[in-house]
């Protein structure tokens, strides 16, 4: 007896009958739908859907569901993926020296808020090795220079493959990944940027925010693309500041934002609630 | 050629096949679903759904849709209502002396944000007559005393019926309605309470909030029931205050909250996004 | 017997003894301080102060206070201005066609939230004439073309002078003012920009925000400088959006932000709580 | 050469000359004021002040400042306390089984956000012993039954005294302290309540919030008094929820609030920014 659910994420050109066909598929095989959400883009008329149903009583074995669903997918020209809620995704965390985002992720994973395994922590610094090891995490040190960057990425990719990593989280990782790396893990690398993008892109957002005299600062979690700080945004949040806040104060206040925003994005991704569509995301909360 | 949509709001005991049956119904009659959302309560396992489709191309005339849908409704034991987006709902506004919520509603209706007619404004004071008339609204004065309360309500109900009123908005109306009145317009009377209910129920919330020294104040829009300040909540919002804020400051800050919260609740109701379930609401945003 | 207060806003290089000297000045002349706030910038070490005291019992006549205070101001090299709370500032509102910010300002002024006179409304369109006149406001129509821009501004400046205008509010005024105009009313022209500046500067912020796929939109009220959208920020606020929001939805949600943010900025300015310092503001809330 | 500042927190009946006298005192002894804030209650006319100045160059030795200030304090009938920013306060954390607030405090203390020592962790359960010891904290286990409650509190008080504890933080400590204990540490025990007080006081706030169908939940940090959940509020914050959130979801979302709110309250207290006045707090942010 299984308590797992199946989740289907799909997109296709909008047309009549998609919802009916998909929900019929689940119903005719005796599935009980527990969540269904859809969205159609206004101009381009692309249809998106997330549907989740209980496997208990469902009369297709989970390894055969994809095949059984294929005719519907083909008819509507769907891009789709199927996930099961009892699969525990494998997450690699990339860090440099800042501890707060990393620590927050580990804490939430420990408390069961974020459901995943963390088979590997990769860093270009040794600073977070003791903390990683205290939590029983496999810490790998790959210092990066302009000369060895590609070679080190090869080693990292090898590690990621060996551990079957599903998602990479850049928890304040101070290195730019190459296009090749990004291609391999398209829509599967989540970064946290310490500003309300697109304002203050680049490496010194708090300094820029201070100089501009803004009254609110933000943080942005997004998928990584070749264009730095320009990937599809998953979560953003903001906090109010005033003229009293120095750059240091802003950094301190921003830390709370950054870690919360990153953890929320990771959680949404791992619950299969995010579909990337061009430069944007559809988030089925 | 019609550009209107049909909206079906329904609830029933949760069971397999509801989504499939409802979406099939729309599809088999050539309807294009533009929005569908559902919710099942955790413990009581009640299923709720809002589904909206385009009437253009739909092969049942709108006056026959209800009849055609009845077999499905009967099979699942549904409570349901059907609405059309080109029907302009009729809203009666009840006011006393405070102008800000009233004014906000009128402004939004004028700007097209809230789609409704306002065939009548009812008040127990004359203060807002000139403003009403400036906006071309039909203002009726029904002063209320303990002695004439029921008789005046009779006259008000007569007016409401004559104008075919669908929704009553108490925009800071300082009178308690009788149980009989509330019964007649169950789930169709929206009130604004100037506190974050259930904190500070009653008539002097800002004074109470001041005395308690809270750091945040709120406003709550809810359907009216016999129990004062206890009806199903539709929208709540809050604003930060400090020890510097006097009761007067809190009232001023609260006004912005109150009018925004009330207008949002009215808009959600008029877009058929709210289902009342016991003492709570399901809001399909 | 006067119930008014005096407010002194000052800035100077930080040094020992400023607070003591200023508060002594008030005390020795029998004034009762009701509010005092200060700020020193971290790097440039500039000191800012707002001090407010009751004129009742104060032993210098209000017209002589400036002279009496001059020796202190001179000693510390202060820039300062003195205001009285019973003076009702004169505000000119510039509008084009959008009504919501304009309406919000008028409403708040009517309800006493914003304490000012509005001797003149200036517009490059006729649309808001009826509303202005309903509220008894003096509406002036100055259509602007590239050819007549400077000449029209001359006429506007003439009007502003004739009415002794203290503050100009651009309540969605779709014209760029010339450098000459801005110079004449430096730090006395408040604009509302419908984005969370510096993100999405320019004329189509909601379209840009939609294209970028942000999850939060904002509004910014700032003093006008020669550089468009680059003046010192007074107030900012934001609202959450999702992939479901079209550009139209964002505009509708943004309206609430824009009007609230603009009104708050105007109120802060009129209560003499804002000091401009370079490209930033000190706001003594 | 000292880089520390002195902070004076004081209150007295409002009267002319307080600000002048206090700032003169600092100035005449060659102190440089870096922060000064004041507040006068509207009805009761009680004056509150926080003033902070640099000890560098100040011509009174820190151990003599109190004596030197006494004549001013006496003249105005002040209640006051003097603190120095280089003193590291000693904080005892009381916990039961929930880890998130405890963990957040430790993390922030480790990162230098909250400046204090934590000489002792007291718990009625063994659960958090390993974590405490990992962080090098002195963990003491005092299981509490109705029978041994007073005796255990005696032991706890003995420990607190031995370590010279300045502040007690109840980081989800599931025991009610006796009146005697509360008296000993009046205005020095900070609790976190997992609701937006005064709504949902008591032990099951999320369940109550769920049953009431609120759209926003909150958390409240307050000083502990004899009346449960009724002490002076220091910080409150809220988060939006919907009908989709189960009690479990609310608990998960609430955790972020609780830990942030508690940490902010502790930080404000340790920076000497909070004065208790009756059932309320003055918070000089």
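Chains as they are written, first to last, in the working numbering: chain R, 78 to 362; chain A, 78 to 362; chain P, 78 to 362; chain Y, 78 to 362. For every residue, glycine included, the Cβ atom is placed at its ideal position computed from N, Cα and C.
Backbone CA spacing between residue i and residue j [nearest angstrom]
| i | j | result |
| --- | --- | --- |
| residue 120 of chain R | residue 117 of chain A | 32 Å |
| residue 284 of chain Y | residue 129 of chain Y | 44 Å |
| residue 197 of chain A | residue 186 of chain A | 14 Å |
| residue 78 of chain P | residue 110 of chain P | Its pLDDT being 45, under 50, residue 78 of chain P is placed unreliably in this model, and the coordinates cannot settle the point. |
| residue 225 of chain P | residue 219 of chain P | 10 Å |
| residue 358 of chain R | residue 331 of chain Y | 26 Å |
| residue 321 of chain Y | residue 157 of chain A | 20 Å |
| residue 303 of chain Y | residue 257 of chain Y | 9 Å |
| residue 168 of chain R | residue 286 of chain P | 31 Å |
| residue 96 of chain R | residue 155 of chain R | 12 Å |
| residue 135 of chain Y | residue 317 of chain P | 50 Å |
| residue 143 of chain A | residue 263 of chain A | 22 Å |
| residue 206 of chain R | residue 212 of chain Y | 15 Å |
| residue 98 of chain R | residue 81 of chain A | 24 Å |
| residue 245 of chain P | residue 228 of chain P | 19 Å |
| residue 288 of chain R | residue 282 of chain R | 10 Å |
| residue 362 of chain A | residue 191 of chain A | 15 Å |
| residue 314 of chain R | residue 327 of chain R | 14 Å |
| residue 249 of chain P | residue 161 of chain A | 35 Å |
| residue 341 of chain P | residue 181 of chain P | 11 Å |
Cross-strand partners of residue i (DSSP beta bridge)
| i | result |
| --- | --- |
| residue 88 of chain Y | Y:125 and Y:156 |
| residue 328 of chain P | According to DSSP, which records beta bridges pairwise, residue 328 of chain P is partnered with nothing at all. |
| residue 299 of chain P | P:268 and P:310 |
| residue 191 of chain R | Residue 191 of chain R is not bridged to any residue. |
| residue 343 of chain A | Residue 343 of chain A pairs with nothing; no bridge assigned. |
| residue 315 of chain A | A:295 |
Helix, strand or coil at residue i according to DSSP, with G and I counted as helix
| i | result |
| --- | --- |
| residue 349 of chain P | coil |
| residue 222 of chain R | coil |
| residue 78 of chain P | Its pLDDT being 45, under 50, residue 78 of chain P is placed unreliably in this model, and the coordinates cannot settle the point. |
| residue 354 of chain Y | strand |
| residue 135 of chain Y | coil |
| residue 83 of chain R | strand |
| residue 179 of chain A | helix |
| residue 167 of chain Y | strand |
| residue 249 of chain R | coil |
| residue 338 of chain R | helix |
| residue 363 of chain P | This structure leaves residue 363 of chain P out entirely; chain P is present only between 78 and 362. |
| residue 174 of chain R | coil |
| residue 146 of chain Y | helix |
Run of the alpha helix (DSSP H) containing residue i, from where it starts to where it stops
| i | result |
| --- | --- |
| residue 256 of chain P | 256-261 |
| residue 323 of chain P | Taken as a continuous stretch (DSSP letters only), residue 323 of chain P belongs to no alpha helix (DSSP H), as it is neither H nor E. |
| residue 206 of chain P | 206-211 |
| residue 98 of chain P | 95-105 |
| residue 288 of chain R | 282-289 |
First and last residue of the uninterrupted beta strand (DSSP E) at residue i
| i | result |
| --- | --- |
| residue 278 of chain P | First-last for residue 278 of chain P: undefined, no H or E at that position. |
| residue 115 of chain R | 109-117 |
| residue 194 of chain P | 194-200 |
Cβ-heavy atom distance, residue i to the ligand SAM, below 7 Å
| i | result |
| --- | --- |
| residue 185 of chain R | Absence of the ligand SAM from the depicted structure is noted, as is the absence of any ligand whatsoever, leaving it without description. |
So, do the segment 83-98 of chain Y and the segment 79-86 of chain P have three or more beta carbon pairs nearer to each other than 8 Å?
no
Check whether the segment 193-208 of chain R touches the segment 239-256 of chain R, counting contact only when three or more Cβ pairs, one atom from each stretch, lie closer than 8 Å.
Contact between the segment 193-208 of chain R and the segment 239-256 of chain R is present, because at least three Cβ pairs lie under 8 Å.
Does the contact criterion of 3 or more C-beta pairs under 8 Å hold for the segment 330-340 of chain R versus the segment 290-301 of chain R?
yes
Can at least three beta-carbon pairs, one atom from the segment 258-278 of chain Y and one from the segment 273-288 of chain A, be found at a separation below 8 Å?
yes
I want to know whether the segment 305-314 of chain P touches the segment 346-361 of chain P - three or more CB-CB distances under 8 Å.
yes
Count the C-beta pairs between the segment 164-182 of chain Y and the segment 135-154 of chain Y that are closer than 8 Å, then say yes if the count reaches three, no if not.
no
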